[in-house]
Amino acid sequence: MPELPEVETLKQVIEPQIQGLKIINAIIKRPEVTAYPTADIFRKRITGQTFMGMSRRGKFLSMHLDSGDQIVLHLRMTGRLLLAPHDYPKEKHTHIIFQLNNGKELRFSDMRRFGRFWLLQQGETDTYTGISKLGFEPFDPEFSAAYLKTKLEKRKKAIKTCLLDQNIVAGIGNIYADEILFAAGIHPARPANSLNAKEWESLATAIPKRLSYFIEKNKITPEEYLETRGQEYRNTPFLQVYGHADNPCLICAAKLCRTVIGGRSSVYCPVCQKQ
DNA sequence: CTCACCCTGTTA
DNA sequence: TAACAGGGTGAG
8 MPELPEVETL
18 KQVIEPQIQG
28 LKIINAIIKR
38 PEVTAYPTAD
48 IFRKRITGQT
58 FMGMSRRGKF
68 LSMHLDSGDQ
78 IVLHLRMTGR
88 LLLAPHDYPK
98 EKHTHIIFQL
108 NNGKELRFSD
118 MRRFGRFWLL
128 QQGETDTYTG
138 ISKLGFEPFD
148 PEFSAAYLKT
158 KLEKRKKAIK
168 TCLLDQNIVA
178 GIGNIYADEI
188 LFAAGIHPAR
198 PANSLNAKEW
208 ESLATAIPKR
218 LSYFIEKNKI
228 TPEEYLETRG
238 QEYRNTPFLQ
248 VYGHADNPCL
258 ICAAKLCRTV
268 IGGRSSVYCP
278 VCQKQ
């Protein structure tokens, strides 16, 4: 489900609601969703701890606890996090329930079970979540056309594949890669080493611009979020190319094309994004 | 690089 | 019934 804007939305909705609440128990129904440590150690260690805040890095979400421990979560394709009253109907595929001291529960559900939790203990070096290998945040002041160019100008891979590489820029997924490349006027299959200076600039501008636009469009109140069960907080009506294959391009009215790049479905305008 | 895989549900 | 789905990893 989530790319950077959705994880950011999730953080903005959930963080103010759990701050200062204590975990009185954790029910881990599917032990495999805790990648590290084991479900039993995970549960014992966090029980009794208090949520201090949340932070996002790329598509990872970290929940900071009072001891300095961090619960790290990656939602992958279909993971969801929902704060609900304890008697609120449970989603199908609910795998972890954090029971809180105000009668509410923070619940993780995930139909495809790809999502993963880690517990980083206070003072421990993170060698397992992958966060330490991530590239710049798109909103990092050091992120720039020069950075992209330096990292990618020798690569022959399709530029879209490079945008999906979390170790270059963190947080871009399949939908927003297409939206970004459309905004930048760059064909998704262009080899990275074929981009010119102007195109690196367009890309470096489009990345934070498009992502912040979608963060804005995704804004949702806690009430709406609960009502839709955390499912529909991506504002698909604002997507310009993804999911619009065969429709007319918003700029030139040419028919949008669909293709597969790096095994991922890709939509682009054959006129605005020349090969 | 491509492909299979981890899973289940939805759509064609 | 099969293809496809917003992610990431590991094998070949």
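Mapping of the first sequence onto the working numbering: residues 8 to 282, in sequence order. Ideal Cβ placement from N, Cα and C applies to all residues, glycine included.
Which residues mark the beginning and the end of the beta strand (DSSP E) in which residue i is found?
i: N32; result: 30–35
i: A42; result: 41–43
i: R197; result: First-last for R197: undefined, no H or E at that position.
i: L283; result: Only positions 8 to 282 of the chain appear in this structure, which leaves residue 283 out of reach.
i: F105; result: 101–107
By DSSP, does residue i sit in helix, in strand, or in coil?
i: D94; result: coil
i: D133; result: coil
i: A191; result: helix
i: T54; result: coil
i: E186; result: helix
i: D47; result: helix
i: L170; result: helix
i: S139; result: helix
i: K158; result: helix
Could you pull the start and end residues of the alpha helix (DSSP H) that residue i belongs to?
i: E231; result: 229–234
i: T16; result: 11–25
i: S219; result: 204–224
Whole-angstrom Cβ separation of residue i and residue j, contact assumed at under 8 Å?
i: A213; j: I187; result: 5 Å
What residues in its chain sit with their C-beta under 8 Å from that of residue i, if we drop five residues either side in the sequence?
i: Y62; result: Looking at the sequence provided, one finds Ser at residue 62 rather than Tyr. Excluding sequence neighbours, S62 sits near K18, L68, S69, H71.
i: C276; result: F189, V248, C256, I258, C259, A261, L263, C264
Apart from the five residues on each side of it in sequence, which residues of its chain come closer than 7 Å, Cβ to Cβ, to residue i?
i: K156; result: W207
For residue i, which residues from the same chain have a beta carbon less than 6 Å from its beta carbon, with the 5 sequence-adjacent residues on both sides left out?
i: R87; result: S116, G237
i: D328; result: No answer is possible for residue 328: the residues shown for the chain start at 8 and end at 282.
Could you tell me whether the region 247–258 touches the region 34–46, where touching means 3 or more Cβ pairs closer than 8 Å? no
Report yes or no: do the region 22–31 and the region 50–59 share at least 3 C-beta pairs separated by less than 8 Å? yes
Evaluate the contact criterion for the region 81–98 versus the region 47–54: three or more CB pairs, one atom per stretch, below 8 Å. no
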